[in-house]
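Those letters in the sequence shown? Residues -9 to 372, by this note's numbering. Heads up, the beta-carbon is just placed ideally off N, CA and C, and yes, glycines get one too.
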Amino acid sequence: MTQPALTNLSEDERLFRDSVYEFANREVRPLVREMDERAKIPPALVEKLFGLGVMNIEIPEEFGGSGAGFFHSVLAVEALSRVDPAIGVLVDVQNTLVINALQCWGDDQLRRTYLPRLAKNTVGAYALSEAGSGSDAFGLTTRATERGDNWLLSGRKLWISNAVEAGLFVVFATVDPAAGYHGITAFVVERNAPGLTIGKKEDKLGIRASSTCELLFDECRVPARNVLGDIGKGYKVAIETLNEGRIGIGAQMVGLAQGALDHTIAYIKERRQFGQPISDFQAVQHQVARAALDLEAARLLVYNAARLRDAGQTFLTEAAMAKLFASEMAERVTSLAINLYGGYGFVKDYPVEKLYRDAKIGQIYEGTSNLQLQTIAKRVIG
Ligand SMILES: Cc1cc2nc3c(=O)[nH]c(=O)nc-3n(C[C@H](O)[C@H](O)[C@H](O)COP(=O)(O)OP(=O)(O)OC[C@H]3O[C@@H](n4cnc5c(N)ncnc54)[C@H](O)[C@@H]3O)c2cc1C
């Protein structure tokens, strides 16, 4: 049997991607600059994302979701990030981390309680990082103590995406600090849980519209039935969801770079110097050709990792490669975009300055580039 090319989309995948991109152009593009300046996503836009069906991609239809596969999440994140990577990450966290964690690790009761809400109108957030534990995520200190039918969570989480919009949090805490990572346990925490406060919102370099906040837990009461997966197995929940989430970040970076390249190609055909469009200069053509090559290579890595995941094959190294390469590629491509816009690239009246700022986060969250290199090295060197 001939294998289809990685970038060959099925009819369903193509229609889905095109409809998301069409939505992004119509509903998101007019708001991009204002959302970036105000560092806020209008609630009405979040509602429209639910209406579009991109907030519940992998939730089974019986729970009100779209019942699609992981590859659809990747296509949605890419198409949205082509217009605004801040919207891309909102959708990415919802699907590849929160829904994914509930789907894979939730028992029947948790899935029945929360998946319909996530499918309908509830944004999710994923709270692993703390001030003292980022790359060393399992060095976390948020403590969970059993009290009757509840767990009491105490501690602080930092850098939590979607925290402003979220109605539900997947939170990692330790039930036994002496047990190291074997004490880590995942909990599903509702926004109105007594003892949970959403703290300071970060003022960021890029993806400014995406909210990033501190979470404060002060004996926050979580029912025992809201333990996600087994007690002491939260590290597995984290590792496995982040392995997939990473592919989503690769998709965000691919979409972002495609957006920058779209703008740049239109601009160089318009902009005239020395009596001709700057796109007529071979030096410029070669730079753009190299960027297109870079982007295609990243897209292939991302699609390959996503398709491996949907096929139930191992994809750990491929996901790390995809995320690492795509995020570095996005920085290169957006930097070139600014160069080719000249002075206009350096000001906020043109779109590429924002995309350059947005690209930087790809090398930091869901595992820094050094951590991705570590994963790859472990596989290739042993
Ligand atoms: C905008 C934004 C959104 C985020 N969203 C979320 C979220 O929704 N949920 C969540 O839980 N977290 C989130 N994070 C946190 C993010 O995942 C961490 O910032 C990231 O994992 C890095 O951790 P750190 O910031 O503590 O850096 P550190 O771990 O302190 O790393 C600092 C530097 O040291 C390097 N380094 C560390 N250890 C090693 C090593 N062993 N070998 C080589 N180099 C090393 C790193 O590569 C990096 O260059 C977000 C962060 C940001 C900025």
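Between ligand 1 and the CB of Asn233, the shortest heavy atom gap is not smaller than 7 Å. In this structure, the alpha-carbon of Leu70 lies about 35 Å from that of Thr164.
As the crow flies, the alpha-carbon of Ala327 is around 24 Å from that of Val64.
Here Val22 carries a helix assignment [DSSP, helix/strand/coil]. If you check the CB distance, Ala295 and Ala309 come in under 8 Å. Taken through DSSP and simplified to helix, strand or coil, Pro213 comes out as strand. In this structure, the C-beta of Asn85 stays at least 7 Å away from each heavy atom of ligand 1. Straight-line measurement puts the Cα of Ser151 at about 4 Å from the Cα of Thr202. Setting aside the 5 residues that flank it on each side, Trp95 is surrounded in the same chain by Leu218, Gly219 and Val227, each with a C-beta closer than 6 Å to its C-beta; the list follows chain order.
For Gly114, the enclosing beta strand (DSSP E) stretches over residues Val113 to Ala117.
Taking 3 residues as the shortest admissible run, the region 67 to 142 contains the following complete beta strand (DSSP E) segments, listed from N- to C-terminal end: 113 to 117 and 133 to 137.
Within the model, the alpha-carbon separation for Gly265 versus Lys259 is close to 12 Å.
The C-beta separation of Gly238 from Val67 comes to about 5 Å, placing the pair in contact by the 8 Å criterion.
Across the set Val278, Ala367 and Val73, the C-alpha of Val73 shows the shortest separation from the C-alpha of Pro20.
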